[in-house]
Each structure stands twice: as structure tokens, then as C-alpha cells.
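Note sheet for the following structure.
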Amino acid sequence: MKKFAVRNIRLCTKDCLCLYVCPTGATDTENSIIDIDKCTGCGDCAAACPSGAISLVPYDYPPQQKKSERVCSAVMNLAKNKAAEERTAENIASETDDKNLARLMKAVARSSRLVSEDLLREGGYMLPQSSISQDLLASLLENPSAFIPAENARKILESIKCNDRVEKGGKFRCSVCFHEFELEDGDEHICPMCHSSKDKLERL
Amino acid sequence: MKYVCSVCGYVYDEEVEGVPFSELPDDWACPMCKAPKSLFFAEDSEKDDVKTEHIDVIDEDMTEIPPLVLSQIFSNLARGCEKQYKENESKLFTELSEYYRKASGNIENPSTTVIAEKLSEDLSSLYPTLRERSEMLKDRGALRVTVWGEKVTRMALSLVDRYEKEGSSFLDNTKIWVCSICGFIYIGDTPPAICPVCKVPDWKFECIEGGNV
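Here the protein sequences line up with chains H and S, keeping their order.
Just so you know, our numbering puts 164 at position 164 of the first sequence, and the rest follows in order with no gaps.
Just so you know, our numbering puts 184 at position 184 of the second sequence, and the rest follows in order with no gaps.
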């Protein structure tokens, strides 16, 4: 899996060992952000760093964990309630003259938003690369009257590709169970026999 | 007898403290997370005593997602992109989130009572349903979000209840903090060293500023 190095500036103690070991000079920059155009993903900087401030992140993420519909719908019911809590608290905060109440309501609104975001991650919206996120974005394209949703969705879909569906169908062989099978455009990209993920499948 | 805080797990041991739990003043709060006395349970009362009857909620149509939930999905995906160092995409998702935030209607006669009702509903039926399904399907991630969410919701409800009973003066000259990871609300001059719910360090807490939004 191709990777690139990133530096956590909160952990970096400027011991500069990354500068000594980097073969391309990618770690030596004026803004402390590793230059990913130069980074080859070799990982020497991360291994040399005494503060553990550098980590390697992949260009392509593996498909997210599958979620059952029963969990997703329970999550959606909670998210709807959390949304109502958030909006009610926001409305109170903007209407009241009581500064303390306004702060408390802002805190409740923020808290409800954070809890809901977390719930929705466990309800399938973990990765922007997942088919559930991609389908949601695609549905925004169907409403051309609203500019922002359609335009933003189009741009995101252009740069972030789905990571759990086959873009172009064809014949595949699983390198784990040696099962040979056919997949059509848009099918789930896993072995139908042993459920191995797409990196284990070779196109025939 | 020992009493355990249902938010952070702090144990009040009557033998060590010398004061019976029942004799503590009503405004006594958990020294770790400031949860009120009412959120403590007796250790030997065992969790299954408090097993609440809940109605299994009817599943709603998943295709109809209200605008504010869309806003939450997109602000979450914006965070997801940020973690993947995809700055541009994160910005685009944030714009989408803001668009649906504005598109979402206001609440008629908003009141803290309405919020308290919603938070209570979360605790009495919606979280128990999610917990039951997570356990049945062995979905540890969903179980994790249930455990955190219930604690955060309990704390939020106790604060709203307190406001309804005694007004807002308990917030005079003190700050309000929200954990930016799990949403836990904490009242105090400085945030706790680690979040009592999700255990992140204090610098992950946001201070809620000012008066009006």
C-alpha cells in the first residue's frame, strides 16, 4: 500500500532526526509540513523520530467495516433526535438575554452535534470513500436547482473515488481461496466465496 | 456500601469517606466529572436491576434524511477528510454541512423542556434499542458509541434539569467546556486532565464562549 509521511506538530520536539534520514529532503520545510510531492513513503523518518511525531498514512484506504441495516436505522433515529436537540438549543441561545443560559445552550447544541457525528460514523458514514457516502453525494447531483449541493458533490466525487465497489466489471480470481468469478459494474468488490477484500482479488 | 458514578465510574466508598452517601448534601457532585448525586448507583444494586422497559422503536424510512441530519453527516465527513489530509475536500464538505444547516427550519417555541424530553427519550428508548442491536450483532463499534453517547446524554440532561429547577446562576463566574471528541459537557474553571468519558487529554476540550450565537 502506497503511503506518505505526516508530522504531528504537537508532538514534534525538533530533534531533527527526520532531516538526517530523509533521502529526498521532504521533511525539511519552512512550515514544518512534510512535502508530500517529495515524500517517497519509505518510512525512515517515522522510524528515526524519537518523539513518535511522524506517522505514515495510506493514499488508498481499505473499505470500512460493514454495518447492519438494523444498527443503521437505530443510529438514524438517534441522529434525528440529536438534530432536534441541537436546533432547539441553538434557537434558545440566539433568543435569550440570559448569558449563562445562552452558553449552556451553545454547549448542548455543540455536544448534540458531536454525539450525532460519532453516531453517524458508526451508522456507515465513516469514510468519504464508502459507497454509502458516495451514493448520498450522487443523490445531490439529481437536484440541479440548488447550486452548492450539486456543485460541491460533483467536485468531491471527482477527487474521492469509491473504495468498495468495482468500477469496471469483469472476471476475477481470489488469491486466498482461488475462487474464480464474475463481477459487474458497481458490484461490491469482494470475493463472493470467502469475502476477501479487493486487494486480494486479481483481474483475469 | 459503595456508590459508582454512571458517567465516569468514580467510586464513593462510604467506609473510606466516613460520611454515608445519603447524608451528602443535594448539591454534592462527582469529584471527577461533576455529575450530580442522582447519577450515582449503589454498587451491589447491579446493572440489571435498572433494566428499563423500552419500546423497540419502529424503523423509519432511511431515504428521507432531514436537512439537519444531512448537515451532521457532512460535517462528520469533513472531519474524516481532515484526518486523511484532504483539505480541499474537507472544505467542500463543510460548505455542504453549512448549506443544510441553514436549510433546516427553526423550532417553534423552543424551550429547555423540549430538550429535556428529547434527551430523556434518547436514554429511555433510542439508546437501549441501539445497545440491544449492537450486542446481538456483536458490533463493538456501535456498542462503543452507545456507551459514550449514553454518558454524555445523561450529563447534558442533568444540566438542563438543573437549569429548569434553579435557573442559570450556577453558571455564574465559571466556564463551560465541551469535549471535542465525545461531546461531554464539563462545568469548571479548567477542563479535566482527561475526559471522564472518552479519556482524551484536556487540550481536546473547547471552551464555550460569550453570550449569543
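Just so you know, even glycine gets a beta-carbon here, dropped at the ideal spot from N, CA and C.
On a predicted model such as this, the values are computed, not experimentally measured, just so you know.
- Non-local C-beta neighbours of Leu-70(S) in its own chain, meaning closer than 6 Å and more than five positions away in sequence, comprise Tyr-100, ordered along the chain.
- Remark: fewer than three beta-carbon pairs, one from each stretch, lie closer than 8 Å, so the segment 121-135 of chain S and the segment 104-112 of chain S are not flagged as touching.
- Between the beta-carbon of Glu-117(H) and that of Ser-75(S) there is about 6 Å, and that keeps the pair under the 8 Å contact cut.
- Where Cys-39(H) is concerned, there is no enclosing alpha helix (DSSP H), because DSSP gives it neither an H nor an E.
- With a 10 Å radius around the Cβ and a threshold of 16 neighbouring Cβ atoms, Trp-148(S) comes out buried.
- Nearest to Lys-2(H) by C-alpha distance, out of Ile-148(H), Cys-22(H) and Gly-43(H), is Gly-43(H).
- Counting C-beta atoms within 10 angstroms of its own C-beta, Asn-88(S) has fewer than 16 neighbours from the protein chains shown and is therefore classed as exposed.
- With its beta carbon less than 7 Å from one in chain H, Tyr-99(S) belongs to the interface.
- Collapsing the DSSP output to three states places Ala-53(H) in coil.
- Residue Ile-132(H) holds the alpha-carbon nearest to the alpha-carbon of Lys-161(H) among Met-76(H), Ile-132(H) and Ala-146(H).
- When secondary structure is reduced to three states using DSSP, Cys-5(S) falls in the strand class.
- Of the residues assessed, His-189(H) falls on the buried side of the cut-off, its CB having 16 or more other CB atoms within 10 angstroms.
- In the assembly as shown, Glu-158(H) is an exposed residue. Its beta-carbon has fewer than 16 other beta-carbons within 10 Å.
- When only Cα atoms are considered, Ala-47(H) and Tyr-59(H) end up about 19 Å apart.
- Between the alpha carbons of Arg-10(H) and Ser-90(S) lies a distance of about 21 Å.
- Shown here, Leu-204(H) sits in coil according to DSSP, grouped into three states, outside any helix or strand.
- For Glu-122(H), the chain S residues whose C-beta falls within less than 7 Å of its own C-beta are Gly-141, Ala-142 and Val-145, listed in chain order.
- In this structure, DSSP gives Tyr-127(S) a helical state, which the three-state scheme calls helix.
- Rounded to whole angstroms, the gap between the alpha carbons of Met-1(S) and Leu-39(S) is 16 Å.
- Within chain H, the residues whose beta carbon sits less than 7 Å from that of Ser-104(S) are Arg-87, listed in sequence order.
- Boundaries around Ile-92(H) are those of the alpha helix (DSSP H), 69-95, since no beta strand (DSSP E) includes it.
- Residues of the same chain with a CB within less than 8 Å of the CB of Pro-66(S), apart from the 5 flanking positions on each side, are Ser-104 in chain order.
- The alpha-carbon of Val-197(S) is positioned some 12 Å away from that of Val-178(S).
- Here Ile-185(S) really is in contact with Met-155(S); their C-beta atoms are around 6 Å apart, less than 8 Å.
- In the DSSP annotation of this structure, Leu-24(S) is not part of any alpha helix (DSSP H), being labelled neither H nor E.
- If you ignore the 5 residues before and after Gly-169(H), its C-beta comes within less than 6 Å of the C-beta of Leu-183, Glu-184 and Asp-185, all in its own chain and listed in chain order.
- With 16 or more neighbouring CB atoms inside 10 Å of its own CB, Pro-149(H) falls in the buried class.
- Within its own chain, the residues whose Cβ lies closer than 7 Å to the Cβ of Leu-140(H), once the five positions on either side in sequence are excluded, are Pro-149, Ala-150 and Ala-153, listed in chain order.
- With contacts defined as CB atoms closer than 7 Å, Gly-124(H) and Lys-82(H) fail to qualify as a contacting pair.
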